[in-house]
Amino acid sequence: MIRSRIIGTGHFLPERVLTNKDLESLCDTTDEWIRQRTGIEQRHAAKPGEGTSDLCTPAARMAIESAGLTPADVDLLICATTTPDYIFPATACVIADSLGMGTKPAFDLNAACSGFMYGLATADAFVRSGAYKTVVLTGGELATNRVSFRKRDTAVLFGDGAGAVVLRAEEGDRGVLTTHLWSDGSGREVLWLPAGGSKIPVTAQNVDDDINTIHMKGKDLFRRAVIEFTNAVNVALEAAGMTFSDIDLFIPHQANIRIIESVAERMGLPTEKCVVNIQKVGNCTAGSIPLALSQARDEGRVKDGQVLLLASFGAGLTWGSAVVRW
Ligand code: UT7
Numbered sequence: 002m003i004r005s006r007i008i009g010t011g012h013f014l015p016e017r018v019l020t021n022k023d024l025e026s027l028c029d030t031t032d033e034w035i036r037q038r039t040g041i042e043q044r045h046a047a048k049p050g051e052g053t054s055d056l057c058t059p060a061a062r063m064a065i066e067s068a069g070l071t072p073a074d075v076d077l078l079i080c081a082t083t084t085p086d087y088i089f090p091a092t093a094c095v096i097a098d099s100l101g102m103g104t105k106p107a108f109d110l111n112a113a114c115s116g117f118m119y120g121l122a123t124a125d126a127f128v129r130s131g132a133y134k135t136v137v138l139t140g141g142e143l144a145t146n147r148v149s150f151r152k153r154d155t156a157v158l159f160g161d162g163a164g165a166v167v168l169r170a171e172e173g174d175r176g177v178l179t180t181h182l183w184s185d186g187s188g189r190e191v192l193w194l195p196a197g198g199s200k201i202p203v204t205a206q207n208v209d210d211d212i213n214t215i216h217m218k219g220k221d222l223f224r225r226a227v228i229e230f231t232n233a234v235n236v237a238l239e240a241a242g243m244t245f246s247d248i249d250l251f252i253p254h255q256a257n258i259r260i261i262e263s264v265a266e267r268m269g270l271p272t273e274k275c276v277v278n279i280q281k282v283g284n285c286t287a288g289s290i291p292l293a294l295s296q297a298r299d300e301g302r303v304k305d306g307q308v309l310l311l312a313s314f315g316a317g318l319t320w321g322s323a324v325v326r327w
């Protein structure tokens, strides 16, 4: 049976670090509140002039090198992001060009914080269908310039960063075992960036009103996140014919340490089986899962034969889960 196996991982974080203390001087918040309510201690922030492609390109290059391949070996590149370089063309085209992938296909995918899960299901389907043998999937976000320091609830949450994986068609029982995706557009105004698309253009007035920055109903999102994360991991395990005790590593989207702890507790998973990097990077939305995976692999936490459970929840609303045998 052909499966898509993850054979390479990579990540990139911009050099500049914004600590909670730095944010105290930019908006009405405190280090203590941020740590207690989110778990975040710091986040990375890109420089003016940098775009999401500047984060995803080095992450993808690292993933390709770690797979022992060159960009010429890649058949398709997918970029999951809600903060593309431009409204068009796709950031994936910019990344593919920077990598030197010639005229290979490349496209963006927007599923917000679930972007990596949607990208994984898409890449896996392409690989298993036989359409493409080697796919690079990168998730990245540059959200620190999409928040308003007049809105302290969102200003402290997001960080810039990217991760990437290389998936390759392989016979055997290693690779992506299951993927499941969900959406509920009736919750689109729970977490959104209203202006700048076709419906609400950017005007001087709505820039003044902060309509071109991220808006969030945090409490509603939190409650729904815990419920859907739990449902998503249950469906994934049932489809894989596994129980929580079969899971070696749980790599969730990093939105809030309290969401991760609550889901892990419901699953009965010990903390050493959870990959948590939110303290150092904040919420990197579509970049969050591949970044955490790549860092965990660099730390020697991901070993051959292990079973990984991935899950996300975010704007859309969208959510998803996957089981991967390494
Ligand atoms: O990645 C996509 C998915 N994202 C999520 O799932 C995020 C889910 N939501 C959350 O993580 C949490 O709801 C937040 C971290 C955003 C907020 O935490 P909370 O415990 O739900 O706080 P809250 O919104 O109920 O606010 C409690 C208080 C309020 O003050 P009052 O009304 O009690 O006086 C807020 O104004 O905390 C205040 N507050 C802050 N105080 C200091 C909100 N943000 C801040 C802040 N610093 N940054």
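Numbered per our numbering, the sequence shown spans residues 2 to 327. All residues carry an ideal CB built from backbone N, CA and C; glycine is no exception.
With distances taken between CB atoms, is the gap from ALA93 to HIS181 smaller than 9 Å? Locating residue 93 in the sequence shown gives position 92, where the first residue counts as 1. Locating residue 181 in the sequence shown gives position 180, where the first residue counts as 1. Going by C-beta atoms, ALA93 is not nearer than 9 Å to HIS181.
Any non-hydrogen atom of the ligand UT7 within 8 Å of ASN284 CB: Sequence index remark: in the sequence shown, residue 284 carries index 283 (1-based). Because some heavy atom of the ligand UT7 lies under 8 Å away, the Cβ of ASN284 counts as near it: yes.
How far does the beta strand (DSSP E) with LEU110 in it reach, from first residue to last? Taking the sequence shown and counting its residues from 1, one reaches residue 110 at position 109. It spans 107 to 110 - the beta strand (DSSP E) in which LEU110 sits, taken as one unbroken run.
Which residue comes first and which comes last in the beta strand (DSSP E) that contains LEU168? As a first step, residue 168 must be located in the sequence shown, where it is residue number 167. Taken as a continuous stretch (DSSP letters only), the beta strand (DSSP E) holding LEU168 covers 162 to 172.
Rounded to whole angstroms, what is the Cα-Cα separation between GLU266 and GLY131? Position 265 of the sequence shown holds residue 266. Position 130 of the sequence shown holds residue 131. Annotation: GLU266 to GLY131 spans about 39 Å, alpha carbon to alpha carbon.
Using a Cβ-based criterion (distance less than 8 Å to any ligand heavy atom), does ALA111 qualify as near the ligand UT7? The residue you call residue 111 lines up with position 110 of the sequence shown. One point to set straight first is that residue 111 is Asn, not Ala, in the sequence displayed. No - the ligand UT7 has no heavy atom lying nearer than 8 Å to the Cβ of ASN111.
Is VAL148 near the ligand UT7 - that is, is its Cβ less than 8 Å away from at least one heavy atom of it? Along the sequence shown, read from residue 1 onward, the residue named residue 148 stands at position 147. Incorrect: VAL148 has no Cβ contact closer than 8 Å to the ligand UT7.
Pairwise C-alpha distance: ALA46 and ALA113: By one-based count along the sequence shown, residue 113 stands at place 112. By one-based count along the sequence shown, residue 46 stands at place 45. Roughly 18 Å separates the two Cα atoms.
From which residue to which residue does the beta strand (DSSP E) around THR10 run? Here residue 10 corresponds to residue number 9 of the sequence shown, with the count starting at 1. Run containing THR10: 3 to 13, per the beta strand (DSSP E) assignment.
Beta-carbon gap between GLY288 and GLU142 smaller than 9 Å: Position 287 of the sequence shown, counting from 1, holds the residue named residue 288. Position 141 of the sequence shown, counting from 1, holds the residue named residue 142. Between GLY288 and GLU142, the C-beta gap is smaller than 9 Å, which places the two residues in contact.
So does ARG153 have its beta carbon nearer than 8 Å to some heavy atom of the ligand UT7? If you number the sequence shown from 1, residue 153 lands on position 152. Result yes, Cβ under 8 Å from the ligand UT7.
Which two residues bound the contiguous beta strand (DSSP E) that contains GLY397? Since the first residue of the chain shown is 2 and the last is 327, residue 397 is not available in this structure.
Beta carbon of ILE58 nearer than 9 Å to that of LEU100: Within the sequence shown, the letter at position 57 stands for residue 58. Within the sequence shown, the letter at position 99 stands for residue 100. The sequence given here places Thr at residue 58; Ile does not occur at that position. Going by C-beta atoms, THR58 is nearer than 9 Å to LEU100.
Under 8 Å: does the beta carbon of ILE261 sit that close to some heavy atom of the ligand UT7? Working through the sequence shown from its first residue, we reach residue 261 at position 260. No, since every heavy atom of the ligand UT7 falls outside the 8 Å radius drawn around the Cβ of ILE261.
Cβ pair SER184, THR319 closer than 9 Å: To locate residue 184, count along the sequence shown from 1; it is residue 183. To locate residue 319, count along the sequence shown from 1; it is residue 318. Against a cut-off of 9 Å, the Cβ pair of THR319 and SER184 comes out as a contact.
Test item: CB-CB of ILE215 and SER149 under 9 Å: Taking the first residue of the sequence shown as position 1, residue 215 is located at position 214. Taking the first residue of the sequence shown as position 1, residue 149 is located at position 148. Contact flag set, yes.
According to DSSP, residues forming a beta bridge with SER313: Here residue 313 is taken as the residue at index 312 of the sequence shown, counted from 1. Among the bridge pairs identified by DSSP, SER313 is matched with GLY321.
Among all the DSSP beta bridges, which residues are the ones paired with ALA251? If you number the sequence shown from 1, residue 251 lands on position 250. Looking at the sequence itself, residue 251 is Phe, so the reference to Ala does not match. In the DSSP output, where bridge partners are listed per residue, PHE251 has CYS275 and LEU310.
Can you name the start and end residues of the beta strand (DSSP E) that CYS28 belongs to? Residue mapping note: residue 28 aligns to position 27 of the sequence shown, counting from 1. Careful: CYS28 lies outside any beta strand (DSSP E) and carries neither H nor E.
For LEU182, report the span of its beta strand (DSSP E) as first-last. Here residue 182 is taken as the residue at index 181 of the sequence shown, counted from 1. Where LEU182 is concerned, the enclosing beta strand (DSSP E) stretches over 176 to 184.
Give a single yes or no on whether ILE201 has its beta carbon closer than 8 Å to a heavy atom of the ligand UT7. Locating residue 201 in the sequence shown gives position 200, counting from the first residue. Closer than 8 Å to some heavy atom of the ligand UT7: that does not describe the Cβ of ILE201.
Per DSSP, what kind of secondary structure is LEU138 in: helix, strand or coil? Numbered from 1 along the sequence shown, position 137 holds the residue referred to as residue 138. Strand, per DSSP.
CA-to-CA distance, ILE8 to VAL234, given in whole angstroms: By one-based count along the sequence shown, residue 234 stands at place 233. By one-based count along the sequence shown, residue 8 stands at place 7. If I take the Cα positions, the gap works out to 23 Å.
Using 9 Å as the threshold, is the C-beta distance between THR82 and GLY140 below it? Taking the first residue of the sequence shown as position 1, residue 82 is located at position 81. Taking the first residue of the sequence shown as position 1, residue 140 is located at position 139. By the CB criterion at 9 Å, THR82 and GLY140 fall inside the cutoff.
What I want to know is whether the C-beta of ILE35 ends up closer than 8 Å to one or more non-hydrogen atoms of the ligand UT7. Locating residue 35 in the sequence shown gives position 34, where the first residue counts as 1. A heavy atom of the ligand UT7 is found nearer than 8 Å to the CB of ILE35.
Using a Cβ-based criterion (distance less than 8 Å to any ligand heavy atom), does THR30 qualify as near the ligand UT7? Here residue 30 refers to the residue found at position 29 of the sequence shown. Because some heavy atom of the ligand UT7 lies under 8 Å away, the Cβ of THR30 counts as near it: yes.
Apply the 10 Å Cβ neighbour rule to GLY283 and answer buried if 16 or more other Cβ atoms are within range, or exposed otherwise. As a first step, residue 283 must be located in the sequence shown, where it is residue number 282. With 16 or more other Cβ atoms within 10 Å, it is buried.
In its own chain, which residues sit with a C-beta less than 6 Å from the C-beta of ALA240, not counting the 5 before and 5 after it? Taking the sequence shown and counting its residues from 1, one reaches residue 240 at position 239. Result list for ALA240: THR179, in chain order.
Check whether ILE252 and VAL227 have beta carbons under 9 Å apart: The residue labelled residue 252 in the question sits at position 251 within the sequence shown. The residue labelled residue 227 in the question sits at position 226 within the sequence shown. Taking 9 Å as the Cβ cut-off, ILE252 and VAL227 do not qualify as a contacting pair.
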